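Novice:
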Amino acid sequence: MTATAHTDSLTRILARTFRLYVQTHGYHWNVEGPEFRQLHGFFEEQYQELWNSLDEIAERLRSLGAYAPASLAEFLTLGGEEAAPAQSAAAMVDALIAGHDALAAELRAAIATAQEAGDEPSAGLLTDRLAWHEQQLWMMKASRK
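Residue numbers (our numbering): 2 to 146.
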């Protein structure tokens, strides 16, 4: 396990978190319908948490001697595939479920990479992030029943 593989996984987590942040903030601005107030607030809580986590992940990268992405182009390249636009509230929730699921899978892999590198602080940070994403998934999936 190289330090590069380890910091590369953290960099991908940062970029994918940024992409999910932008997606969630856009849904916050554009949600409509009978669930507007509930989802508008829910999306706001999510994008604020995602935004705050960006700094924590980037600073962890810096503490490991790596540079965090610093341009939109880097975030777009590293952030994975962009979700298709969603217009309805239900489609927005479904798209966010898919986004959180994908990020949770990436987090699981990054946790294993951090543990293999003996980097318990990063593993702990990523485990905390995973727990938050799993909680969001539970709430969104429960709302779709």
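Cβ atoms here follow ideal geometry from the backbone N, Cα and C, with glycine treated the same way. Bear in mind the structure is a predicted one, so any value in this text is a computation, not a measurement.
Rounded to whole angstroms, what is the Cα-Cα separation between R20 and L77?
Specialist: In the sequence shown, counting from the first residue as 1, residue 20 sits at position 19. In the sequence shown, counting from the first residue as 1, residue 77 sits at position 76. Between R20 and L77, the C-alpha separation is close to 8 Å.
Novice: Please report the straight-line C-alpha distance between R61 and S123, rounded to a whole angstrom.
Specialist: Within the sequence shown, numbered from 1, the residue matching residue 61 stands at position 60. Within the sequence shown, numbered from 1, the residue matching residue 123 stands at position 122. Near 7 Å, if we compare the C-alpha coordinates of S123 and R61.
Novice: To the nearest angstrom, report how far apart L40 and V32 are at their CA atoms.
Specialist: Here the question's residue 40 lines up with position 39 in the sequence shown. Here the question's residue 32 lines up with position 31 in the sequence shown. Rounded to the nearest angstrom, the two C-alpha atoms are 7 Å apart.
Novice: Answer with buried or exposed for Q47, where buried requires no fewer than 16 other C-beta atoms within 10 angstroms of its C-beta.
Specialist: In the sequence shown, residue 47 corresponds to position 46, counting from 1. Result: buried.
Novice: Once DSSP output is grouped into helix, strand and coil, what is the label at V94?
Specialist: The residue given as residue 94 occupies position 93 in the sequence shown. Three-state DSSP puts V94 in a helix.
Novice: Looking at the unbroken alpha helix (DSSP H) that takes in G125, where does it start and where does it end?
Specialist: Start at 1 with the first residue of the sequence shown, and residue 125 comes out as number 124. Per DSSP, G125 belongs to the alpha helix (DSSP H) from 121-144.
Novice: CA-CA distance, P86 and A92?
Specialist: If you number the sequence shown from 1, residue 86 lands on position 85. If you number the sequence shown from 1, residue 92 lands on position 91. Distance between the alpha carbons of P86 and A92 is about 9 Å.
Novice: With 16 as the cutoff for other CB atoms within 10 Å, does D120 come out buried or exposed?
Specialist: By 1-based counting over the sequence shown, the position of residue 120 is 119. Per the 10 Å Cβ criterion, buried.
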